[in-house]
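Quick notes on the structure that follows.
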Amino acid sequence: CKRQIREWQQASVAVAWKKRKIAKLRASRNTQLASARVLLCVAMKKNSGKLPAWAVKALKEAWFAELQYYLQVANEPAFQAAFDEMASFLAPNNPAMRWTAGELQRIT
1 CKRQIREWQQ
11 ASVAVAWKKR
21 KIAKLRASRN
31 TQLASARVLL
41 CVAMKKNSGK
51 LPAWAVKALK
61 EAWFAELQYY
71 LQVANEPAFQ
81 AAFDEMASFL
91 APNNPAMRWT
101 AGELQRIT
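Residue numbers (the working numbering): 1 to 108.
The following block contains the structure:
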């Protein structure tokens, strides 16, 4: 999606059409990120937090990407909702998420 967004931003087409296309691609990317995060979060809850390391990493990265996206488009309510949804997993000693100091710094 990022590549497509850059291509459309550089294309010499009508501004209104470009803006609609970029908004559509960003919304699609946002939906994909939220879906991935929700599915992994549900899997974690069902498996008592015993997910493989690759799944935990994928969940963290999807969550970071979603938060970053909401900040970029200045959507504070959506940012807060995504943050609140994951707040229970933010304890530094949470064995399921295995947060590193760098990751916790990245969040705050």
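Note that beta-carbon positions come from the ideal geometry of N, C-alpha and C, so glycine has one too.
Residues in its own chain within less than 6 Å of residue i by CB, not counting five upstream and five downstream?
i	result
Met86	Trp63
Ala27	none
Roughly how many angstroms separate the alpha carbons of residue i and residue j, rounded to a whole number?
i	j	result
Val38	Arg20	27 Å
Val73	Leu104	23 Å
Trp99	Ala53	11 Å
Glu66	Ala36	10 Å
Val42	Ala101	25 Å
Val56	Lys45	12 Å
Thr31	Tyr69	11 Å
Lys24	Ala81	22 Å
Going along the chain, which residues of its own chain have a beta-carbon closer than 7 Å to the beta-carbon of residue i, five neighbours each way excluded?
i	result
Leu71	Phe79
Phe83	Leu67
With H, G and I counted as helix, E and B as strand and the rest as coil, what does DSSP make of residue i?
i	result
Trp63	helix
Thr100	coil
Leu51	coil
Val73	coil
Mind checking which residues open and close the alpha helix (DSSP H) that includes residue i?
i	result
Ala82	76-86
Sorted by chain position, which residues of the same chain lie with C-beta nearer than 8 Å to residue i's C-beta, five sequence neighbours on each side aside?
i	result
Ala58	Ala36, Leu40
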